[in-house]
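Novice: One structure coming up, written as structure tokens, with questions to follow.
Number of protein chains: 2
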Amino acid sequence: MKEAKEIFEKYIAGKKLKFTNQRNLIVETFLKEEGHISTEELYRKVIPKAPSIGLATVYRTLKLLAECGLAHERNFGDGQTRYEHSYEHIHHDHLICTGCGKIIEFENTDIEKLQNEIARKNKFKAYAHKLELYGFCNDCKK
Amino acid sequence: MKEAKEIFEKYIAGKKLKFTNQRNLIVETFLKEEGHISTEELYRKVIPKAPSIGLATVYRTLKLLAECGLAHERNFGDGQTRYEHSYEHIHHDHLICTGCGKIIEFENTDIEKLQNEIARKNKFKAYAHKLELYGFCNDCKK
DNA sequence: AAAAAGATAGAAAAAGTTTTTCATCGTCAC
DNA sequence: GTGACGATGAAAAACTTTTTCTATCTTTTT
């Protein structure tokens, strides 16, 4: 967690930007979060700690987080972009029910091994992946 | 392709909706499309054939297509939802180089088998998947 | 120190996408 | 034909996200 913030600080410094209180607060709050969070939701979590903060700042900071690879954008079709942190994190792969929108998370080390193999075969150095299965959950099957 | 349209017709009939000319035209145009298409893009393809058609109708029809499982929503972060048909379609899995943007396509039947297994374990009926590996290609490695 | 330059933040406006409303039209059953 | 009901197109509305603008804060330069 501390390391993740350091990555952000370095990225910021490298672009000659500033590590401000607002950015610090937003990044910290984001990194504490475990699931996928929308900008609006993160904004609401930050407001109590800094009531004057602007929604635009949260948007801007999440963008920076995505740029430096600490966050990944996801979209589950509810109209809002969600972010998930991707640093030293167990990877959540998703089963997405297109019937009711339910999302089931799963992990599978066998698949990850195969992925690494594929990357190696293609002389590719992979640092992240996204696997989504679309279908119908038990309740939505007919 | 013909079958796909039949699925749509049945779905429509089941909901006691009507298979109108507009819906027919939109569905046909959509099914001919190979990549992922946005509502706006589909709208533009339909306009020449039926100039009076409304954008809202295209939105509504794509929604129906997604509901019945023939299309599914994707989002590549450009602000527009894109649709891809998912009926009897080859799945493209991707290695995406975040260094130079190169995209390598691959297929791996072992991974697909594992995916089916996961779906089954979760009582999930999967009809499509998306697998993306992010990393650096051989040229972009340091 | 003071001034200058550059970046940030918040508020509000703008832009852009998607959904909803509404009046009208078409279709089907009776 | 008449009535019922869904579908349609146009416009309005609702939302999410980005941009603009001005004031403020840092850092650097003089």
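Here the protein sequences line up with chains R and F, keeping their order. Numbered according to the working numbering, the first sequence spans residues 1026 to 1167. Numbered according to the working numbering, the second sequence spans residues 1026 to 1167. Think of the CB as a built atom: it goes at the ideal place given N, C-alpha and C, for glycine as much as any other residue. Note that the structure is a prediction, hence the values are computed from the model and not measured.
1. Evaluate I1121 (chain R) with the Cβ neighbour count: other Cβ atoms within 10 Å of its Cβ, from every protein chain shown; 16 or more gives buried, anything less gives exposed.
2. Near S1111 (chain F), which residues of its chain fall below 8 Å by C-beta distance, leaving aside the five closest residues on each side in sequence?
3. Below 9 Å between beta carbons is the criterion; list the residues of the stretch 1031-1064 of chain R that meet it against any residue of chain F, in chain order.
4. By how many angstroms is the C-alpha of G1102 (chain R) removed from the C-alpha of N1100 (chain F)?
5. Starting from Q1140 (chain F), find everything on chain R with Cβ-Cβ shorter than 7 Å and list it in chain order.
6. Within its chain, find whatever has a CB closer than 8 Å to the CB of G1160 (chain R); leave out the 5 residues flanking it on each side and keep chain order.
7. Just how far apart, CA to CA, sit A1075 (chain F) and Y1068 (chain F)?
8. Candidates R:Y1084, R:K1035, R:A1038, R:L1042: which alpha carbon is nearest F1055 (chain R)'s?
9. Which of helix, strand or coil does DSSP assign to K1167 (chain F)?
10. Return the chain-ordered list of same chain residues with a C-beta closer than 7 Å to the C-beta of F1044 (chain R), the five sequence neighbours on each side being excluded.
11. Who are N1100 (chain R)'s beta bridge partners in DSSP?
12. By Cβ distance, which residues of its chain are closer than 8 Å to S1063 (chain R), with the 5 residues on each side in sequence left out?
13. My guess is that V1071 (chain F) and L1050 (chain F) are in contact by the Cβ rule of under 8 Å, so how many angstroms apart are they, rounded?
14. Consider the Cβ of K1150 (chain F): report whether some Cβ of chain R lies at a distance smaller than 8 Å.
15. Would you check if the distance between the CB atom of V1052 (chain R) and the CB atom of T1082 (chain R) is smaller than 8 Å?
16. At a CB-CB cut-off below 9 Å, which residues of chain F make contact with A1144 (chain R)?
17. Looking at the C-beta of H1154 (chain F), does it have a partner C-beta in chain R at a distance below 8 Å?
18. Establish whether the CB of D1135 (chain F) and some CB of chain R are separated by less than 8 Å.
Specialist: Let me spell this out:
1. Under this definition I1121 (chain R) is a buried residue.
2. The beta carbon of S1111 (chain F) sits closer than 8 Å to the beta carbons of G1094, L1095, A1096, H1097, Y1152, A1153 from its chain, once the five residues preceding and following it are set aside; these are given in chain order.
3. Hits within the stretch: zero.
4. Approximately 8 Å between the Cα atoms of the pair.
5. Those within 7 Å of Q1140 (chain F) in chain R are L1158.
6. Sequence-distant partners of G1160 (chain R) (beyond 5 residues in either direction) whose C-beta falls short of 8 Å from its own C-beta, in its chain, are L1120, I1121, C1122, T1123.
7. Spanning the two alpha carbons is a distance of roughly 10 Å.
8. Ranking the options by Cα distance to F1055 (chain R), first place goes to R:Y1084.
9. Unreliable placement is indicated for K1167 (chain F), whose pLDDT of 49 sits below 50; no coordinate value is reported for it.
10. Answer for F1044 (chain R): E1034, I1037, listed in chain order.
11. According to DSSP, which records beta bridges pairwise, N1100 (chain R) is partnered with R:T1106.
12. The residues are Q1105, T1106, R1107, Y1108.
13. In this structure V1071 (chain F) is in contact with L1050 (chain F), their Cβ atoms being roughly 6 Å apart against a cut-off of 8 Å.
14. Judged by the 8 Å Cβ criterion, K1150 (chain F) is in contact with chain R.
15. In this structure, T1082 (chain R) does not lie closer than 8 Å to V1052 (chain R) by Cβ.
16. Neighbours of A1144 (chain R) in chain F, taken as residues at a C-beta separation under 9 Å, are given in chain order as L1120, L1158, G1160.
17. Yes, H1154 (chain F) counts as interfacial toward chain R.
18. Closer than 8 Å: yes.
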